[in-house]
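Structure, as C-alpha cells:
Protein chains: 2
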Amino acid sequence: MQNKLDKPAEGLGITAVERDTGLSKDILRVWERRYGFPLPARDHNGDRLYPPEQVDKLRLIRRLLDLGRRPSSVVTLDAGTLAAMLDSAATALAPEGDPDSATHDRLIELLRLQRSAELRIALHQLLLKHGLQRFVCDTVAPLNIRVGQAWMRGDIDVAEEHLYTEQVQNVLRSAIGAQAATDGRPRILLTTLPDELHALGLLMAEATLVPEGAVCVSLGTQTPITDICNAASSGDFDIVALSCSAAFPARSAIDGLNTLRAALPAAIELWAGGQAVQGKAARLPGVRVIADLPDALVALAEWRSAQRAAISRPRA
Amino acid sequence: MQNKLDKPAEGLGITAVERDTGLSKDILRVWERRYGFPLPARDHNGDRLYPPEQVDKLRLIRRLLDLGRRPSSVVTLDAGTLAAMLDSAATALAPEGDPDSATHDRLIELLRLQRSAELRIALHQLLLKHGLQRFVCDTVAPLNIRVGQAWMRGDIDVAEEHLYTEQVQNVLRSAIGAQAATDGRPRILLTTLPDELHALGLLMAEATLVPEGAVCVSLGTQTPITDICNAASSGDFDIVALSCSAAFPARSAIDGLNTLRAALPAAIELWAGGQAVQGKAARLPGVRVIADLPDALVALAEWRSAQRAAISRPRA
DNA sequence: TTTTGCATTTTGTCCTGGACAAATGTTGAC
DNA sequence: GTCAACATTTGTCCAGGACAAAATGCAAAA
C-alpha cells in the first residue's frame, strides 16, 4: 500500500519502473536473477530501489526488444553500445524520403511539448487540406514511423506516445463519423485476432475504406474467434478484415487466420493486413493478404468487379 | 509464455481473471490464502483455473469494493446476497429525478450494443442542441452516474465503460478545440495529483470554463507536484485547478493540496474539485474548494471581480 | 456533539527461489 | 529451400512469508 505522492527518489520502486519501462515486475526480478542486471539498491524494508541510470538502460533495452533482439543478447551490454545500436536501427528504419518532412517535424515537436490541443488542430487542418484517404497515407502512416523513431531515440516517452495515438484517433474518428453511410456495400467487419491490440491500424483501414462507400463495423481488439464468426454471419457481412501488427507472433497469426478461414462461410471474404502477414500469402489459402493501405482499395475494387460479374452471370 | 488463442475454457487462467475482474494476481492469490475464496481448480501444471461461477462472483465483489465495502465483509457471502447488496446500492445511488431519463436510457442502450458511431452522433446532437456547458452538466454528468450504475448491475462490462469514456472524450475534445481561445484570462492549469487518473473530470471542467473565455491547459494526469509548480510559474498561469476523484484517498489529497499550496506563489490561486475534497474546505486554507461544475463558474466570476477590484484600486 | 489522537486490525504489495511450457534458434535430412 | 527434431531461451506462475499503509474502533479533549 505504498503511495509515493512525491518521490524524493534516489531511486524508483519496482512499480514505477514497470510503468516507466513496460517491463513487468516478474521480468525485472528474473533478469536480476539470471543476468545480474538490473541490480537495484534496497530500501530499509528490502524493497528494490532502481537508480535512474539503470532505469535509463532498461528503457534502451526495452526498445531493442521491440526491434526483435533477445534479452540475453542485450542485457549485458553497456548503455553506450545500446544507444549506438538503437541509433543505427532508427536510421535504417526509414531510408526513403518523406516529402512532408518539415510538416511532420513540426507535429512531433508539438507532441514533445505535450501541446495536445494544438496538435489536434494541426492534424485536423492537414485532414481538411488533403482529404481523409491521403491524410491517412501521407500523414498518419509516416507520422507513426516518426513517433516510433522518436520513442526509440528517447525523445518522447510513453505518455506522449499515448497522447499521439489519442489525438490521431480523435481526428480520424470524427472524420469517419462524418462520412459513415449505413447501407452501402460491401459491409466489412474490422477486427484483430485475440491478444492483439493495435487499434490505430484498424482505424486507419476504416478511414481508407469508408470514403469508398464501404460500411465498416469495428469489433474492437481482443475478440475471440468464435465471436468473430458469429458477428460475421449474423451481421450480414461480405468481408472480414483482420489487422495483425508486427508485435503479434507470425506463426500464431497464420494459425489463427487459417482457423478463422475454415470457420467462416465461403461466401464471406477474409482479408488480412499488417506486418505479421506480409509475404505469407502462400501459407494462407483463401485469404486476401493486404500489402498496405492503397492495396486495400485495390482489394475493394476487385471485390466490386467480382460482384458485378456474379450478378451479370448468375449461377454460371 | 502461455498464449491462449482460443480458450476452450472449463475455466480461466489467472491472467484472464485479472483482466476480467480488475483484481491483481497478487490479490487473487492472497484472498485464496486468507479467506479461502476464490478456490480455483488446477490444470495439469498446477496453474489456477477459475470456473466461470467464481469469476462472476469476483466481479460482484469487485463492484462492491468500488462502493467502499471491504474485502473481509464480502468475500465470504454467497453470490445471491452480493447481487442483492449491489441492487439496493444501485437504487440508493440516484434518488433524485433525472429529467432526461428517457434520452439517457437510449444512450445507455446504444452503449450496451456497442454501437459506438451512433453513440458518438447522438452525443454530438445533444451537444449542438444544448450547448457545451449544459451538455456537460445535464447530459455527461448524469450519464456518468448511469454508466456507473449499469456497470454495478452488470449490464455493461469494462470494455463498454471504456468505449463510453472514449466517445464522450471525442465529443468534448472537438467542442473544446472549436471554442479554445489563446489569449484570454484567466489562464488555468488543469491537472490532478500524482497517482490519480480521472481524465474525464478534467475534461468536463475544461468544457465548463473554456466557453467563458478562460484559457485552459491540461497537464494530463499523474503529474508530480514539482512539475505542477514549475509549469504554473513558467506558463504565466493565474489559477491551478486540481481534480481529486473519490477513488483517491482523501487524506492524501489534503496533504498533497496543502503541499502544493505552500509551494505555489501566493499570486496563483489553487482550486480543488472532486469527491475527495467535498466538505474539507476547513482543512484546506488558501484553497478554493469547488463543489460542482456550476460552482466552477461562480469561482471564475469571483476571480474576475477580484481582479477588477485590484485594478481599480492598485497597491491599496 | 464533534473533533483529535492513538492502538488495532485489515489489506495490498513485495520478497525469494523454484518450476515449467511456449517461443525461438539450430541442426540435419529430404 | 522446406521441414522435422532437438536444444536453449524466456516469460509467467507458484508457495508462503513479511511488512507498512490504510481503515477502523475507541478513548480523551474541545
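Protein chains in written order, with full-length UniProt numbering: chain A, 1 to 316; chain B, 1 to 316.
Glycine included, each C-beta is placed from N, C-alpha and C at the ideal position.
| query | result |
| --- | --- |
| Give the DSSP-derived three-state secondary structure of A:Thr-165 in the structure shown. | helix |
| Unbroken alpha helix (DSSP H) runs of length 4 or more, entirely within the region 71-105 of chain B: which are they? | 71-74, 79-93 |
| Is the region 139-149 of chain B in contact with the region 141-156 of chain A, if contact means three or more CB pairs nearer than 8 Å? | no |
| Run the CB neighbour count on B:Ala-316, radius 10 Å, all protein chains shown included, and call it buried at 16 or more, exposed below. | Per-residue confidence for B:Ala-316 stands at a pLDDT of 46, beneath the threshold of 50, marking its modelled position as unreliable; the derived number appears in the next sentence. Exposed, by the Cβ-count rule. |
| Please list the residues of the region 161-174 of chain A that have a C-beta atom closer than 7 Å to any C-beta atom in chain B, keeping them in chain order. | Asn-170, Arg-173, Ser-174 |
| Are there 16 or more other CB atoms within 10 angstroms of the CB of A:Pro-186, so buried, or fewer, so exposed? | buried |
| Give the residues of chain A in contact with B:Ala-282, contact being defined as C-beta atoms less than 9 Å apart. | Result: empty, since nearest Cβ-Cβ is about 21 Å, beyond 9 Å. |
| Under 8 Å by Cβ, that's how I've got B:Leu-60 and B:Leu-28 pegged, so tell me the actual separation to the nearest angstrom. | Between B:Leu-28 and B:Leu-60 the Cβ distance is about 15 Å, and since that is not below 8 Å, they are no contact. |
| Could you pull the DSSP bridge partners for B:Ile-290 from this structure? | B:Gly-273 |
| Is B:Leu-300 near B:Ser-243, with beta carbons less than 8 Å apart? | no |
| Please name the residue in B:Ile-268, B:Ala-214, B:Thr-191 whose C-alpha comes closest to that of B:Asp-183. | B:Ala-214 |
| What whole-angstrom Cβ distance do A:Ala-296 and A:Gln-278 have, given they're in contact under 8 Å? | The Cβ separation is near 14 Å, so there is no contact. |
| Taking the straight line between their C-alpha atoms, what separation do you get for B:Cys-137 and B:Ser-101? | 14 Å |
| Unbroken alpha helix (DSSP H) runs of length 4 or more, entirely within the region 222-250 of chain A: which are they? | 225-234 |
| Give the straight-line distance between the Cα atoms of A:Asp-6 and B:Gln-179, rounded to the nearest whole angstrom. | In this prediction, A:Asp-6 scores a pLDDT of 45, lower than 50, which makes its location untrustworthy; the coordinate-derived value is nonetheless stated afterwards. Cα-Cα distance, rounded: 35 Å. |
| In this structure, what does DSSP give as the bridge partners for B:Leu-189? | B:Val-217, B:Val-240 |
| Note down, one range per segment and in chain order, each beta strand (DSSP E) of at least 3 residues found wholly within the UniProt domain "HTH merR-type" (19-68) of chain B. | none |
| Anything in chain B within Cβ reach of A:Ile-121, meaning under 9 Å, just list it in chain order. | Gly-177, Ala-180 |
| What separation, rounded to the nearest whole angstrom, lies between the Cα atoms of B:Ala-92 and A:Glu-160? | 40 Å |
| Comparing C-alpha positions only, which one of A:Leu-65, A:Ile-145, A:Asp-238, A:Ala-250 sits nearest to A:Leu-190? | A:Asp-238 |
| How would you label A:Gly-88, buried or exposed, when you count the other beta carbons within 10 angstroms and need 16 or more for buried? | In the sequence on display, residue 88 of chain A carries Ser and not Gly. Label assigned to A:Ser-88: exposed. |
| Quick one: using the 10 Å Cβ neighbour count with 16 as the cut-off for buried, is A:Gly-256 buried or exposed? | buried |
| Assuming A:Gly-273 contacts A:Ala-205 under a Cβ cut-off of 8 Å, what Cβ separation, rounded to an integer in Å, is found between them? | 7 Å |
| Mind checking if B:Gly-22 is an interface residue toward chain A, Cβ cutoff 8 Å exclusive? | no |
| Considering only residues of the same chain and omitting the five flanking positions on each side of B:Trp-303, which have a CB-CB separation below 8 Å? | Pro-186, Asp-238, Ile-239, Glu-269 |
| For A:Val-17, which of A:Leu-58, A:Arg-33, A:Leu-113, A:Leu-127 has the nearest alpha-carbon? | A:Leu-58 |
| Identify the continuous alpha helix (DSSP H) that holds B:Ala-207 and give its terminal residues. | 199-209 |
| Could you tell me the distance, in whole angstroms, from the CA atom of B:Leu-172 to the CA atom of B:Pro-211? | 12 Å |
| Helix, strand or coil for A:Leu-12, going by three-state DSSP, please let me know. | strand |
| Quick check on B:Ala-181: does DSSP put it in helix, strand or coil? | coil |
| Taking CB distances under 8 Å as the criterion, tell me whether A:Ala-102 reaches chain B. | no |
| Can you tell me the Cβ-Cβ gap for A:Gln-125 and A:Thr-208, rounded? I've got them flagged as a contact below 8 Å. | Not really, about 20 Å apart at Cβ, beyond 8 Å. |
| Going by the CB atoms, is the gap between A:Gly-80 and A:Asp-47 shorter than 8 Å? | no |
| Check each candidate in A:Thr-223, A:Thr-192, A:Val-140, A:Val-287 and name the one with the smallest Cα separation from A:Ala-267. | A:Val-287 |
| Pop quiz: A:Leu-260 and A:Ile-311 are said to be a contact at Cβ under 8 Å. What is the actual Cβ separation, rounded to whole angstroms? | About 27 Å; that fails the 8 Å criterion. |
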